[in-house]
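Asks: Numbering (the working numbering), first residue to last: 305 to 1249.
We treat Cβ as the ideally placed atom computed from N, Cα and C, and that holds for glycine.
Take this structure first; my questions come after.
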């Protein structure tokens, strides 16, 4: 078992910033034979993923799971930085870095010791320590003795001991020092002519050490009640006894002046602290999400800010766990106070305004309406009433007709106690719940029908085995929260942090965290997931989570409707991959539908009907049967080329993210790979794959294609895509930052190794390499120069090199690019969001990010014209390529290749065979004259009829 001794302490370390501090720590581990030099990369990667600052001047830097290979043996070193090191954007300084090199969980007991230590006031002792003994003394695990103004009452109206004792217990309970007032009054001890004292020890009701004082101004007598848990700071308790027995304190009590009493106890009176109160409007109270927003806002101000609920104990407004421990519910009054002569005084109006605004949640405020509420109101005004029998428009996401009873899957709010008395018992419950969920996930992995689904749940198991997750929850439990409260608070906090970073898996990573966190929470409170109907149903949800992907059974889910999302959103892509008819961006009103409501939807035309007439259902069922027959016939001719009635051929290829899916795509009629997303191939590895590993991956694709062309997009990360083992600095706007080719040019060795692997794996077979996010000619030429260096050593005579056209500047400059590139592949997903300035993942706006907008079609037309003028070809590999309304228009614009998901290939080929190029060109010409995407879609549907 690991233990901490003075031998593990290193004093007098110096560093100007966190990066230099991490280098110092890594060197200490290396010098002590605990880790190799490579462990520094793990320390840096962990810092970019999540904060390691614990509080009170202490941080626990440690590597990622992937960096464990650099660990020689498990060990912990305590490194003291006398001048402190700024550790985060909030300006928190670290004086003691507890750097950890652990191969498994041997160090958890040491971390437990640290969390116990942080319950006391150790910051000053840590910062001022001059030797190893003082460091170890500060971490001795003592708990602070709570002494504050709100626990002192100088206007007690009773002289009866039992009544005064009960009033003291009431204040202690309000401050969470005791769990119950059911404590028998012991005989008090007389300390002076004015002061008597009761000390409560070894009581199961005691939650923490605290001091309450009740003074009767008439009798000029005081009763002091002290609760003492097993870890009480005995030095602080001895000091308090000295004060209580002193003549000066007796005189202060007899004077009846509260200021004099507070002065003797060393308490700064809060009577001159500014205060503001506000009624909490949040429907579900101050739970994790609004509490996180509140603590983050409070942290942005210097000085002490405290808050109480309905006259209870004041707690720090900067502490998430303290805020959650308040258990504040809707309608209760929050009172904020701010330390005088500090920036905190300026915080009070902003804190009150933020609470009135809902702290990020929609609330029905009666006071000033904040910006967030206005945005919600605007979205509500855009909602369309759900009138029975009428067609209601939504964003077409996945073609097909569906009819079935609605199953509305909503986020469920669960009730559980916020605090608990026994941290060890709560930790055991949490561990049991986590293990149970891991067992469930392992069963899902074993029974998964494809590798992608298995990979999702394997990643979830890895999350639950991450010590950071466990340690974060334990920190809250040790702070007095119940296991469900601590777990939920930490998961929400960590998920919010992940979603805001530009160097991790962003919203998808956050969704994974919330997904697996929800499973554990259900285990903790003894609840089960909602059970979906056994009969075919229409799933209605705000959006799809990662686990939804695996749980969707196409034989039971007739259709999908989501409240948010656009045609290129995660929900839409998932639905198309599974071949389930779907609509997205239908608005929040769909979540109000009752389960069992009859729903009819058309995922191709983009509408749904609530409680449709039977005649409409029968009409659509006939159309559905016809479409099934069309799909069956399309599959019979899937391997035939897509040639229009007047002899024009369009190549139809597949978009791939998994090399193992190549054979299936070929079986479905793919004439090649139009887009190999190599970032997804990289994600299947736990570290950057070397050249040999990449060659093995790419050879699988080449072999399965059997001579068909392969278009490879080199590593495209940044924006909404990241690799956990390639940490990137957070950016204010990552979609306009270091992503795609910009990142690769900043790490040319990464690009060079990938290009080398591709050239070697191809063995001179048909290879087409394209560079992503090219916006300037200089970027294209720099990337091409690196490829030329590789080709100098590995010649290739069957190679084409092009660019992914997704940045508007490249589309505008297509005539110039066309002179140098071999081809263009239009990424309509990104091109659309950049041209229309709409984030395609935005919950309100993404429905308007439609690639059929005339501005997008105009850029595609200009690109095709420029490419063909120089004998070059143009493909479309975005989601627009398989959109039934878009296919004839793209053919008419002269696009040479369409690349899509495997399930869409046969039907798209069939659609092209039913066209004439002349009619498609006429349609495209009309589409370019339209004034909106909706007008283009209506035009395409009209012509199709």
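1) At which residues does the beta strand (DSSP E) containing residue 637 begin and terminate?
2) Sorted by chain position, which residues of the same chain lie with C-beta nearer than 8 Å to residue 634's C-beta, five sequence neighbours on each side aside?
3) Using the three-state DSSP reduction, which class does residue 845 fall into: helix, strand or coil?
4) Assuming contact is defined by CB atoms lying nearer than 7 Å, are residue 721 and residue 623 in contact in what I supplied?
5) Within 10 Å of its beta-carbon, does residue 1005 have 16 or more other beta-carbons around it, so buried, or fewer, so exposed?
6) Quick one: what does DSSP say residue 501 is sitting in, helix, strand or coil?
7) Let me check one thing: in DSSP terms, what residues is residue 955 bridge-paired to?
8) In this structure, does DSSP put residue 695 in helix, strand or coil?
9) For residue 1133, name the three-state secondary structure that DSSP assigns.
10) Between 506, 631, 1042, which has its C-alpha nearest residue 595's C-alpha?
11) How about residue 518 and residue 468: do their beta carbons lie closer than 7 Å?
12) With a 10 Å radius around its C-beta and 16 neighbouring C-beta atoms as the bar for buried, classify residue 454 as buried or exposed.
13) With a threshold of 6 Å on Cβ separation, who are the neighbours of residue 761 within its own chain once the five nearest residues in sequence on each side are excluded?
14) Nearest-angstrom Cα distance between residue 619 and residue 577?
15) Should residue 1099 go down as buried or exposed, given a rule of 16 or more other Cβ atoms within 10 Å for buried?
16) Are there three or more Cβ pairs, one per stretch, closer than 8 Å when the region 962–982 is compared with the region 1198–1212?
17) Answer with buried or exposed for residue 1141, where buried requires no fewer than 16 other C-beta atoms within 10 angstroms of its C-beta.
18) Where residue 883 and residue 927 are concerned, what is the direct C-alpha to C-alpha distance, given to the nearest angstrom?
19) Below 7 Å between beta carbons: does that hold for residue 1113 and residue 1139?
20) Can you list, in chain order, the residues of its chain with a C-beta nearer than 7 Å to that of residue 652? Leave out the 5 residues immediately preceding and following it.
21) Can you tell me the Cα-Cα spacing of residue 1105 and residue 1173, whole angstroms?
22) Based on Cα-Cα distance, which residue from 390, 702, 449 lies nearest to residue 511?
23) Within this structure, are the beta carbons of residue 767 and residue 820 separated by less than 7 Å?
24) Residue 1017 bridges to which residues according to DSSP?
25) Could I get the ranges of all uninterrupted alpha helix (DSSP H) runs contained in the region 530–588, with 4 residues as the minimum, in chain order?
26) What three-state label does DSSP hand residue 857 in the structure shown?
27) If you drop the 5 nearest sequence neighbours on each side, which residues of the same chain put their C-beta closer than 7 Å to that of residue 319?
28) Taking the alpha carbon of residue 1153 as the reference point, which residue from 1165, 1167, 1056, 1238 has its own alpha carbon closest?
29) From residue 655 to residue 714, what distance separates their C-alpha atoms?
30) For residue 346, report the span of its alpha helix (DSSP H) as first-last.
31) Within this structure, are the beta carbons of residue 1077 and residue 1045 separated by less than 7 Å?
32) Using CA coordinates, which residue listed in 934, 370, 1199, 323 is at the minimum distance from residue 770?
33) If we call anything under 7 Å between Cβ atoms a contact, is residue 514 one with residue 476?
34) Closest to residue 313 by CA distance: which of 1002, 401, 350 is it?
35) I need the DSSP call for residue 1111, collapsed to helix, strand or coil.
36) Would you kindly report the start and end of the unbroken alpha helix (DSSP H) that includes residue 1097?
Replies: Judging by the given coordinates:
1) Residue 637: member of the beta strand (DSSP E) spanning 637–642, first to last residue.
2) The answer, listed in chain order, is 584, 585, 586, 587, 588, 589.
3) Shown here, residue 845 sits in a strand according to DSSP, grouped into three states.
4) With respect to residue 623, residue 721 sits apart: the two C-beta atoms are not nearer than 7 Å.
5) Burial call: buried.
6) Annotated three-state conformation of residue 501 is strand, per DSSP.
7) In DSSP, residue 955 forms a bridge with 1201.
8) Three-state result, residue 695: strand.
9) Here residue 1133 sits in helix by DSSP.
10) The residue among 506, 631, 1042 with its C-alpha nearest the C-alpha of residue 595 is 631.
11) With contacts defined by Cβ atoms closer than 7 Å, residue 518 and residue 468 form a contacting pair.
12) Flag for residue 454 reads buried.
13) A distance below 6 Å between beta-carbons, with the five flanking residues on each side excluded, links residue 761 to the following residues of its chain, in chain order: 745, 748, 749.
14) Cα-Cα distance, rounded: 14 Å.
15) By the 10 Å Cβ count, residue 1099 comes out exposed.
16) Touching, yes, given that three or more Cβ pairs across the two stretches are closer than 8 Å.
17) Residue 1141 is exposed by the Cβ-count criterion.
18) Between the alpha carbons of residue 883 and residue 927 lies a gap of roughly 17 Å.
19) Against a cut-off of 7 Å, the Cβ pair of residue 1139 and residue 1113 comes out as no contact.
20) Taken in chain order, the residues that qualify are 578, 580, 640, 642.
21) Cα-Cα distance, rounded: 18 Å.
22) The shortest C-alpha separation from residue 511 is found at 449.
23) Contact flag set, yes.
24) 981, 1074.
25) Runs found: 538–548, 551–559, 562–568.
26) The answer is coil: DSSP assigns residue 857 none of H, G, I, E or B.
27) Excluding positions up to five away in sequence, the list reads 325, 328, 385, 389.
28) Looking only at 1165, 1167, 1056, 1238, the smallest Cα-Cα distance to residue 1153 is reached by 1238.
29) Their backbone Cα atoms lie some 30 Å apart in a straight line.
30) 343–353 is the extent of the alpha helix (DSSP H) around residue 346.
31) Closer than 7 Å, so yes.
32) Of 934, 370, 1199, 323, the residue nearest in Cα terms is 370.
33) Result yes, Cβ atoms of residue 514 and residue 476 sit closer than 7 Å.
34) Distances from the CA of residue 313 to each of 1002, 401, 350 were compared; the closest alpha carbon is that of 401.
35) DSSP places residue 1111 in coil when its eight states are reduced to three.
36) Taken as a continuous stretch (DSSP letters only), the alpha helix (DSSP H) holding residue 1097 covers 1081–1097.
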